[in-house]
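With the numbering used here applied, the sequence shown covers 1 to 173.
Even glycine gets a Cβ: it sits at the ideal position worked out from N, Cα and C.
For reference, the structure is listed below as structure tokens.
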Amino acid sequence: MDFDLKACVPTFPGFPKEGVNFYDITGLFKTPEAFAMTVQKMTRLVAQYQPDRLFAIDSKGFIFAAPVAANLGIGLSLLRKASKLPGHVVRYTYQLEYGTDEMEARSEDFDPSERLVVIDDVLATGGTLAAGVALLRQLGGNVVGAVTSMEIGNLNGRKKLDVPFSAMLYFPE
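Now the structure itself:
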């Protein structure tokens, strides 16, 4: 079955505040057919980078990364919000529109020779995805690409990325 995945992503104008359009990606995993097609398309996007391991960004990146990693037969590790991972972690602080946030990873979760791809749900302003790439590089990681289910193009998040990037869907049209 083939259908338009964009139709599975409703837009909510004025949410969470006036002047913002919220694109709700939960429709991509609302039905088995939509989720299967999403995973299939994202698997193809990730495969082009020939990764050895995916790093998924907390938390919606986990939804997409787990089945993609399984499809490709590669490892999956997590980039978590601060204080969510046990063991030896390295933390990275990054700038948000109104403040800062922190992300962490475990250094023992990958081998420096591995080709890493960072995966998340949405590329908007680019801050979170760029932070994930920077954190992995701080740990000596070889980040070869980044993939999201959707890109909100008018927010220019791509400009913050210094790795090859692919998105399954692009909004607004």
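At the 8 angstroms Cβ level, is residue i part of the contact set with chain B, yes or no?
i, result
"isoleucine 57", "Here chain B cannot be found, since the structure has a single protein chain."
How long is the line joining the alpha carbons of residue i and residue j, rounded to whole angstroms?
i, j, result
"proline 164", "alanine 146", "6 angstroms"
"isoleucine 25", "methionine 103", "22 angstroms"
"glycine 75", "phenylalanine 12", "35 angstroms"
"leucine 161", "phenylalanine 3", "30 angstroms"
"proline 16", "alanine 82", "24 angstroms"
"methionine 150", "arginine 80", "20 angstroms"
"lysine 30", "methionine 37", "12 angstroms"
"alanine 56", "alanine 69", "10 angstroms"
"threonine 43", "asparagine 71", "7 angstroms"
"glycine 19", "glycine 153", "16 angstroms"
"valine 90", "aspartate 101", "14 angstroms"
Please list the terminal residues of the continuous alpha helix (DSSP H) segment that includes residue i.
i, result
"valine 46", "32-47"
Going along the chain, which residues of its own chain have a beta-carbon closer than 7 angstroms to the beta-carbon of residue i, five neighbours each way excluded?
i, result
"phenylalanine 110", "Arg53, Ser77, Leu116 and Gly141"
"proline 67", "Val39"
Ends of the beta strand (DSSP E) at residue i?
i, result
"glycine 145", "142-152"
"proline 13", "11-13"
"serine 166", "165-171"
"alanine 56", "53-57"
"asparagine 21", "21-23"
Who are the Cβ neighbours of residue i in its own chain at under 8 angstroms, not counting the five residues just before and after it?
i, result
"valine 9", "Tyr23, Asp24, Ile25, Gly27, Leu28, Met150, Leu169 and Phe171"
"tyrosine 58", "Note that residue 58 corresponds to aspartate in the displayed sequence, not to tyrosine. Leu78, Leu79, Arg80, Lys81, Lys84 and Met103."
Tell me which same chain residues have a C-beta within less than 6 angstroms of the C-beta of residue i, skipping the five on either side of it?
i, result
"proline 112", "Gly140"
Give me the Cβ distance between residue i and residue j, rounded to the nearest whole Å; I'm assuming they're in contact under 8 angstroms.
i, j, result
"histidine 88", "glutamate 114", "Wrong, their Cβ atoms sit about 18 angstroms apart, outside the cutoff."
"threonine 157", "leucine 129", "Note on residue identity: the sequence assigns glycine, not threonine, to residue 157. Right, the Cβ-Cβ distance comes to about 7 angstroms (below 8 angstroms), so this counts as a contact."
"tyrosine 94", "alanine 131", "4 angstroms"
"glycine 61", "isoleucine 119", "5 angstroms"
"valine 133", "valine 144", "That pair is no contact at about 10 angstroms."
"alanine 124", "leucine 155", "5 angstroms"
**Q.** Segments of 3+ residues assigned as beta strand (DSSP E) that fall wholly inside the region 64-134
**A.** Here the runs fully enclosed are 75-81, 89-96, 99-106 and 115-123.
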